[in-house]
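Under full-length UniProt numbering, the first residue of the sequence shown is numbered 1, with each subsequent residue one higher. Even for Gly, the Cβ is constructed at its ideal location relative to N, Cα and C.
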Amino acid sequence: MPPEVDFDVVVVGGGPVGLFLGCCLALRGLRLLVLEKQEAPRQHSRAIGIHPPALKLLSALGLAEQAIARGVTVKRGVVRGERGVLGELEFTGISPYPFVLALPQQETEGLLEARLHELAPGALQRGQQVMHLESSAAWATVTCQDAGGTVHRHRTRYYDFTLPDEIASGQLRPLRDPDSSEAFLAQIP
Ligand SMILES: Cc1cc2nc3c(=O)[nH]c(=O)nc-3n(C[C@H](O)[C@H](O)[C@H](O)COP(=O)(O)OP(=O)(O)OC[C@H]3O[C@@H](n4cnc5c(N)ncnc54)[C@H](O)[C@@H]3O)c2cc1C
1 MPPEVDFDVV VVGGGPVGLF LGCCLALRGL RLLVLEKQEA PRQHSRAIGI HPPALKLLSA
61 LGLAEQAIAR GVTVKRGVVR GERGVLGELE FTGISPYPFV LALPQQETEG LLEARLHELA
121 PGALQRGQQV MHLESSAAWA TVTCQDAGGT VHRHRTRYYD FTLPDEIASG QLRPLRDPDS
181 SEAFLAQIP
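Written out as structure tokens, the structure is:
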């Protein structure tokens with residue numbers, strides 16, 4: 001890592017996507033920081049259904065079996081209307097995980113957060129609200145504020161967003177177009 005930067009990557013947002021990305025980057029041996037404005041994990045569920053492709057991604061982090069053990073597997077779906085059964089679906093043969101896993105999102109986040117802690121202890125910093133991003137050709141400076149109002153600045157080679165609303169509203173601007181996450185990750189040696 002060049003001496004003028006603090007981190008290879010700063011990920012803004014420690015929801016499931018930011019935590020997953022953090023684990024992937026840590027597995028590549030990168031020095032990273034995940035900034036999350038909430039001081040504690042969310043206690044309410046949002047997503048409940050994890051579909052086969054997402055289970056495959058969790059398995060790449062060694063988390064699929066733990067997730068499956070905690071959830072309920074839904075192997076078949078039936079749609080019923082006033083006139084009876086309208087359609088049925090099943091997932092046989094499409095994936096090593098031929099079901100939708102019903103698991104509250106906070107549990108999925110808990111597994112990802114624990115894995116990130118194993119791979120890169122201290123990489124997740126909670127209670128840090130990103131306020132500003134400034135990019136130069138060589139690095140970006142990410143400015144955040146903690147709950148006590150103290151401002152922190154981190155210099156990074158790359159940063160990534162998991163916050164489409166903030167980008168769309170123009171509050172935050174990307175260093176580079178993050179359209180393709182695969183292309184983005186491929187740029188990181
Ligand atoms: C009611 C409901 C039901 C859903 N059901 C399903 C389902 O069954 N299956 C499914 O796959 N998906 C479902 N979803 C969608 C799923 O919840 C989202 O796709 C998922 O939460 C997106 O994850 P994320 O990490 O991209 O964003 P988020 O979960 O929104 O995480 C973004 C994080 O960024 C943090 N943040 C925001 N601004 C800043 C800042 N300036 N500085 C630092 N941190 C910041 C936020 O606190 C948050 O923790 C559902 C969503 C809802 C609302």
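Closest by C-alpha distance to residue i, when choosing among the options
i	options	result
Val5	Glu118, Leu21, Leu30 and Leu19	Leu30
Glu107	Ser45, Phe20 and Tyr158	Ser45
Ile48	Lys37, Ala67, Leu35 and Gly148	Ala67
Val72	Arg42, Ile50 and Gly148	Ile50
Gly77	Phe91, Leu27 and Gly15	Phe91
Ala26	Ala54, Gly122, Leu103 and Pro98	Gly122
Phe20	Lys37, Tyr97, Leu55 and Gln43	Leu55
Ala69	Pro104, His117 and Leu32	Pro104
Ala147	Thr141, Gly127 and Phe7	Gly127
Tyr158	Gly149, Thr141 and Thr150	Thr141
residue 192	His117, Glu36, Lys75 and Gln145	In the structure as shown, the chain starts at 1 and stops at 189, and residue 192 therefore has no counterpart that could be examined.
Glu88	Trp139, Ile94 and Arg80	Arg80
Ile94	Ala64, His132 and Pro53	Pro53
Buried or exposed by the 16-neighbour rule on C-beta atoms within 10 Å, applied to residue i
i	result
Leu86	exposed
Thr156	buried
Gly22	buried
Val130	buried
Gly13	buried
Arg115	buried
Pro41	exposed
Val39	The question names Val, but residue 39 is Glu in the sequence shown. With fewer than 16 Cβ atoms within 10 Å of its Cβ, Glu39 is classed as exposed.
Val9	buried
Ala60	exposed
Ala137	exposed
Val34	buried
Phe99	buried
Reduced DSSP category for residue i - H, G, I as helix; E, B as strand; rest coil
i	result
Leu25	helix
Met123	It is worth fixing the name first, because residue 123 is Ala in this sequence and not Met. Ala123 falls in the coil class under three-state DSSP.
Arg115	helix
Leu30	coil
Ile167	Residue confidence for Ile167 is low, a pLDDT of 49 falling below 50, so the modelled location carries little weight and cannot support an answer.
Span of the beta strand (DSSP E) around residue i
i	result
Leu4	Here residue 4 turns out to be Glu, not Leu, going by the sequence shown. Where Glu4 is concerned, there is no enclosing beta strand (DSSP E), given that its DSSP letter is neither H nor E.
Thr141	Ala140 to Asp146
Leu133	Gln128 to Ser135
Below-9 Å beta-carbon distance, residue i vs any chain D residue
i	result
Cys23	The structure shown has no chain D; it contains just one protein chain.
(request) Jot down the residue ranges of each uninterrupted alpha helix (DSSP H) in the region 37-70, minimum 4 residues, whole runs only, in chain order. (result) 52-60 and 64-70
(message) Runs of 4 residues minimum, wholly inside the region 62-111: which ones carry the alpha helix (DSSP H) assignment?
(response) 64-70
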